[in-house]
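Single-structure report; data block below.
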Amino acid sequence: MDEHKQESIDLTEFSDADLEQHFRVISPGRMVAKRFFKSKLSIVGLAMIIFVFLFSFVGPMVVKATWGYGETQVFKVERETDMVTVAKFKAADGKDYHYYDRSKTTILFKAPISADHWLGTDTSGFDIFIRLMHGGRISLIISFIVIFLETLIGVVLGGVAGYFGKWVDQLIMRIVDIFACLPTLPILLILSATISSIEAIPAEHRIYYLMGFITLLGWTGVARIVRGQILMLREQEYILAAETTGISAFHKIFRHLIPNTMPQLIVSATLGLGGIILYESTLSYLSLGVPFPRAAWGSMIALADPSKGQEILAYYPNMWVPAGILIVVTVLGFSFIGDGLRDAFDPRMKR
Amino acid sequence: MWTYLLKRIGLALVILIGASALIYMLTMMMPADYIDNQTAAAVQNGSMTLEDVMRLKELYGLADKSVGGIARSYGKWLTSALRGDLGFSFLYGRPVSSVLKDYIWISFFIALFSFVIEIIIAIPMGIKAAVNQYSAYDYTVSVFAMAGTALPSFFLSALLMNLLAIRLKIFPLQGLTTATKVFAQDAHLAIFLDKAWHLVLPIMVLTLLGIGGTMKFTRTNMLEVMNSDYIRTARAKGLSERTVTYKHAFRNTMIPLVTSLSGMLPGLFGGAMITESVFSIPGIGTMALRATQQGDIPFIMGYNMFLSILTVTGMLISDMMYMVVDPRVKLK
Numbered sequence: 456m457d458e459h460k461q462e463s464i465d466l467t468e469f470s471d472a473d474l475e476q477h478f479r480v481i482s483p484g485r486m487v488a489k490r491f492f493k494s495k496l497s498i499v500g501l502a503m504i505i506f507v508f509l510f511s512f513v514g515p516m517v518v519k520a521t522w523g524y525g526e527t528q529v530f531k532v533e534r535e536t537d538m539v540t541v542a543k544f545k546a547a548d549g550k551d552y553h554y555y556d557r558s559k560t561t562i563l564f565k566a567p568i569s570a571d572h573w574l575g576t577d578t579s580g581f582d583i584f585i586r587l588m589h590g591g592r593i594s595l596i597i598s599f600i601v602i603f604l605e606t607l608i609g610v611v612l613g614g615v616a617g618y619f620g621k622w623v624d625q626l627i628m629r630i631v632d633i634f635a636c637l638p639t640l641p642i643l644l645i646l647s648a649t650i651s652s653i654e655a656i657p658a659e660h661r662i663y664y665l666m667g668f669i670t671l672l673g674w675t676g677v678a679r680i681v682r683g684q685i686l687m688l689r690e691q692e693y694i695l696a697a698e699t700t701g702i703s704a705f706h707k708i709f710r711h712l713i714p715n716t717m718p719q720l721i722v723s724a725t726l727g728l729g730g731i732i733l734y735e736s737t738l739s740y741l742s743l744g745v746p747f748p749r750a751a752w753g754s755m756i757a758l759a760d761p762s763k764g765q766e767i768l769a770y771y772p773n774m775w776v777p778a779g780i781l782i783v784v785t786v787l788g789f790s791f792i793g794d795g796l797r798d799a800f801d802p803r804m805k806r
Numbered sequence: 456m457w458t459y460l461l462k463r464i465g466l467a468l469v470i471l472i473g474a475s476a477l478i479y480m481l482t483m484m485m486p487a488d489y490i491d492n493q494t495a496a497a498v499q500n501g502s503m504t505l506e507d508v509m510r511l512k513e514l515y516g517l518a519d520k521s522v523g524g525i526a527r528s529y530g531k532w533l534t535s536a537l538r539g540d541l542g543f544s545f546l547y548g549r550p551v552s553s554v555l556k557d558y559i560w561i562s563f564f565i566a567l568f569s570f571v572i573e574i575i576i577a578i579p580m581g582i583k584a585a586v587n588q589y590s591a592y593d594y595t596v597s598v599f600a601m602a603g604t605a606l607p608s609f610f611l612s613a614l615l616m617n618l619l620a621i622r623l624k625i626f627p628l629q630g631l632t633t634a635t636k637v638f639a640q641d642a643h644l645a646i647f648l649d650k651a652w653h654l655v656l657p658i659m660v661l662t663l664l665g666i667g668g669t670m671k672f673t674r675t676n677m678l679e680v681m682n683s684d685y686i687r688t689a690r691a692k693g694l695s696e697r698t699v700t701y702k703h704a705f706r707n708t709m710i711p712l713v714t715s716l717s718g719m720l721p722g723l724f725g726g727a728m729i730t731e732s733v734f735s736i737p738g739i740g741t742m743a744l745r746a747t748q749q750g751d752i753p754f755i756m757g758y759n760m761f762l763s764i765l766t767v768t769g770m771l772i773s774d775m776m777y778m779v780v781d782p783r784v785k786l787k
């Protein structure tokens with residue numbers, strides 16, 4: 456105990472120069488970064504996301520530069536396979552007959568893994584490895600744009616609701632309640648079906664509408680977070696101080712209140728990215744996402760749907776397993792980073 | 456408390472009416488509905504004229520797609536829905552409510568089973584992970600649980616089908632009954648077992664997808680409780696770690712756990728669209744997916760309304776449970 460006391464007395468006697476020498480002053484941002492990198496999981500998550508990003512954005516460029524082809528290049532790789540047909544039937548004479556037929560056929564598609572095609576080719580003769588890259592690009596772009604839009608709408612509406620309160624709050628929060636109670640997947644299916652059957656909309660544009668729909672069904676979470684935070688923050692002294700300087704409501708909301716909700720927003724946005732990727736891939740799985748010759752992870756897994764025949768599910772895991780693994784890696788990476796950020800931002804979590 | 460309850464129920468009704476209007480509008484935006492799909496061939500070969508199609512649509516209130524027309528047909532739909540009549544499903548040729556009633560149970564059975572298994576596995580795992588925070592156990596369990604939530608249902612289904620149904624041939628691939636088996640009329644047990652055997656894989660998928668969320672929720676709440684002062688007091692009194700964890704800490708973790716889990720109960724009736732369709736289980740999810748793909752507007756409307764009601768009921772239940780399990784909470 457005495458020793459401790461001694462030490463604290465010594466500390467007070469340090470001059471500023473001494474302090475600089477013995478203690479490093481770090482900004483809040485640096486502190487967050489330090490706490491973030493302390494967790495192993497966040498580093499792993501970061502590595503996963505960097506990998507997926509390089510794979511999906513740099514990968515296609517490298518491929519284009521070295522081999523010069525893209526996602527819709529068709530390769531015809533000839534190979535011979537045995538086709539065996541077996542059947543058992545009862546003939547008219549009452550005896551059981553076994554029918555066995557073996558024939559050789561040449562198939563051009565569904566090539567196995569080779570040096571030319573690292574993961575083989577799919578049912579249309581597209582190179583799977585390259586399609587994985589392009590599919591990742593679509594998923595990442597969609598998820599980032601959607602999360603940006605959701606945050607934008609959520610911040611504006613949640614901020615206005617939380618700041619003005621009373622009937623404005625009531626009105627906005629009831630709209631939030633209504634949107635939050637819509638069943639997301641069924642409504643997304645309805646909307647995507649609508650879009651894909653309108654002929655005036657070119658297939659390439661479908662994806663933009665899709666982003667709009669996912670945003671429409673997902674912004675309520677952000678609005679609730681922002682509103683809750685602002686209800687809490689607006690009672691604090693620094694807002695009173697800001698008010699006495701006579702600034703406008705707009706500045707008070709967007710310069711003093713919203714920046715303080717940033718930590719929560721960043722965390723919820725990071726955690727939300729994975730969810731959007733899952734919705735996008737589900738829509739692609741049901742072929743309501745990115746239209747056919749374009750690649751998407753979900754539609755690559757759809758090849759394994761047993762309702763369309765078990766062949767690919769059983770014998771060609773190279774067509775659908777890698778896409779699934781990439782989805783898991785991406786979603787998991789985002790949630791690791793999100794968790795790490797939350798722990799890093801939370802000042803109560805000092806270890 | 457009762458005024459609070461009444462206020463919440465009133466609010467829920469407002470939300471439901473808003474949601475129904477929104478869903479109705481979106482559904483009516485679908486350009487190709489069941490009538491179009493069914494009559495397309497007949498119109499093509501000239502056995503039906505476009506006027507006939509319009510007359511059919513008029514009959515079902517689908518003809519007028521202007522704002523006023525949609526509002527009018529929504530009014531009609533709402534008044535009959537309030538009387539319990541959800542309309543007639545084109546695709547299934549029966550009243551929507553009777554289709555819902557018939558196919559709900561299989562979905563509920565699957566969901567309830569996986570819900571129970573999920574709770575049994577996830578809660579002890581979450582507690583153990585929280586007690587040994589940052590241990591190897593904590594990391595492993597957290598990573599596996601989170602991997603479960605990161606899996607798309609159709610991918611996990613395909614993996615399990617490939618491994619357990621095709622390669623190891625333990626479970627049947629799809630469907631609810633073995634088509635090649637013929638059962639005697641009164642072999643109820645055999646039929647039930649056959650069905651249950653078909654449901655193992657879907658239940659496994661739903662469980663694996665759900666475990667992560669519950670486990671993480673338990674862990675976070677448990678950690679929060681473990682850091683509170685009264686736990687330190689309990690330790691200082693010299694209580695065993697076991698008593699501290701299960702008697703003192705877990706009881707308070709139960710509050711958020713019971714609240715959120717009871718809020719999930721109504722959702723068990725909603726069906727799992729993707730998982731059920733991948734496994735061709737004739738549940739409400741499969742029926743709804745087919746109806747959506749074919750533009751069966753009355754069914755889509757009924758199903759989505761049903762889901763919204765489940766969500767709102769879940770919210771109400773978890774609000775109520777919050778008061779029931781935590782005596783400190785007094786709501787006005």
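Protein sequences, first through last, are from chains A and B.
If you want the working numbering, it's the 1-based position in the first sequence plus 455.
If you want the working numbering, it's the 1-based position in the second sequence plus 455.
We put the beta carbon where it would ideally sit given N, CA and C, even for glycine.
When CB distances to chain B are screened at a threshold of 8 angstroms, the residues of the segment 636-655 of chain A falling below it are C636, L637, P638, L640, P641, I642, L644, I645, L646, A648, T649, S652 and I653, in chain order.
Interface annotation, B/F609: in contact with chain A, CB-CB separation under 8 angstroms. With respect to the C-alpha of A/Y552, the residue from A/H711, A/K543 and A/M486 having the closest C-alpha is A/K543. For B/F564, the three-state secondary structure derived from DSSP is helix. Counting every other CB atom within 10 Å of its CB across the protein chains shown gives A/V480 a total below 16, marking it as exposed. For A/V529, DSSP records a beta bridge to A/F581. Close to chain B, meaning a Cβ-Cβ distance shorter than 7 angstroms, are the following residues of the segment 766-800 of chain A: L768, A769, P772, W775, G779, I782, V783, V786, L787 and S790.
For A/I562, the enclosing beta strand (DSSP E) has its first and last residue at D551 to I562. The C-beta of B/V571 has fewer than 16 other C-beta atoms within 10 Å across all chains shown, which makes the residue exposed. For A/A542, the three-state secondary structure derived from DSSP is strand. In the three-state DSSP reduction, B/F543 falls in the strand class (E or B). The beta-carbon separation of A/M538 and A/T561, rounded to 11 angstroms, does not stay under the 8 angstroms limit for a contact.
Close partners of B/A474 in chain A (Cβ separation under 7 angstroms): I633, C636 and L637. Boundaries of the alpha helix (DSSP H) around A/F506: K495 to F508. For B/M760, the CB contacts under 6 angstroms within the same chain, skipping 5 residues up- and downstream, are S475 in chain order.
With 16 or more other Cβ atoms inside 10 Å of its own Cβ, B/F568 counts as buried. The C-beta of A/F603 has fewer than 16 other C-beta atoms within 10 Å across all chains shown, which makes the residue exposed. At least 8 angstroms separates the CB of B/N707 from every CB of chain A. By the CB criterion at 8 angstroms, A/A750 and A/H589 fall inside the cutoff. The alpha-carbon separation between B/G630 and B/G738 amounts to approximately 11 angstroms. Contact note: B/T766 reaches chain A through A635, C636, L637 and P638, using a C-beta cutoff of 9 angstroms and chain order. A/R490 has a beta carbon lying at 8 angstroms or more from every beta carbon in chain B.
Annotation for B/D751: no alpha helix (DSSP H) segment contains it, and DSSP assigns it neither H nor E. At least one beta carbon of chain B lies nearer than 8 angstroms to the beta carbon of A/I756. Taking a Cβ-Cβ cut-off of 7 angstroms, the neighbours of B/Q629 in chain A comprise P761, given in sequence order. Buried is the label assigned to A/D798, since at least 16 other Cβ atoms lie within 10 Å of its Cβ.
Contact check for A/L644 and B/T747: beta-carbon distance about 5 angstroms, within the 8 angstroms limit, so the pair qualifies.
With its beta carbon at least 8 angstroms from every one in chain B, A/L595 lies outside the interface. Distances from the alpha-carbon of A/Q625 to those of B/L466, B/L460, B/K512 and B/M456 put B/L466 closest. Scanning chain A for C-beta atoms nearer than 7 angstroms to the C-beta of B/T747 yields P641, L644, I645 and A648, reported in chain order.
Here A/A678 is near A/L612, since their CB atoms are less than 8 angstroms apart. Residue contact check for B/A613 against chain A: a CB pair falls below 8 angstroms. Contacts between A/G729 and chain B, judged by CB atoms closer than 7 angstroms, involve A605 in chain order. Annotation for A/R629: the continuous alpha helix (DSSP H) segment containing it runs K621 to C636. Interface criterion met: the Cβ of B/T482 is under 8 angstroms from a Cβ in chain A.
Contact with chain B is absent for A/R586, since none of that chain's Cβ atoms lies less than 8 angstroms from the residue's Cβ.
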